[in-house]
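Residue numbering for the sequence shown is 5 to 101, as defined by the numbering used here.
Report on the following structure.
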Amino acid sequence: MSWKKTFQCRECGYEAELYEGRGLFRQEITAVSCPDCKTIQHLVVGGIISDVAPSFRSEVGRLCLRCGSENIKIWDKKTCPRCGGKMADTGKKEFWT
Numbered sequence: 005m006s007w008k009k010t011f012q013c014r015e016c017g018y019e020a021e022l023y024e025g026r027g028l029f030r031q032e033i034t035a036v037s038c039p040d041c042k043t044i045q046h047l048v049v050g051g052i053i054s055d056v057a058p059s060f061r062s063e064v065g066r067l068c069l070r071c072g073s074e075n076i077k078i079w080d081k082k083t084c085p086r087c088g089g090k091m092a093d094t095g096k097k098e099f100w101t
């Protein structure tokens, strides 16, 4: 079973989604924070796609999907990428496949 949660910054109102669980093809969605464009992006990792595209096996060497930055890091689920404030789970949860 898989779901997505919505997080919101208490300081500036920035919202981001966090995917948990595995998708239909056994992939995971990893949330990464980009300090250059100040967003949270989602990278597909693992699953069937990694069998044919080894670069999808981990987050190593991946780029921000919005600006192409190499400076991405796995999001800590706490820090707002825009203002540095505290992100909190809004309680909104949706199931996905």
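Glycine included, C-beta positions come from ideal geometry on N, C-alpha and C.
Treat the numbers as computed from the prediction; the structure is a model and nothing was measured.
| query | result |
| --- | --- |
| Should I33 go down as buried or exposed, given a rule of 16 or more other Cβ atoms within 10 Å for buried? | buried |
| State the beta-bridge partners of Q31 as determined by DSSP. | The partner list for Q31 (beta bridge, DSSP) is empty, contrary to what the question assumes. |
| In whole angstroms, give me the CA-to-CA distance for I76 and R70. | 11 Å |
| Nearest-angstrom Cα distance between L28 and E21? | 18 Å |
| Let me make sure I understand the geometry here. Which of Q31, R30, T43 and S6 has the alpha-carbon closest to that of C87? | T43 |
| Can you give me the Cβ contacts of C38 inside the same chain, cut-off strictly under 8 Å, excluding the 5 residues immediately before and after it? | I44, Q45, C68, R70, C71, S73, N75, I76 and P85 |
| Just to confirm, are W79 and V48 a CB contact at a threshold of 7 Å? | no |
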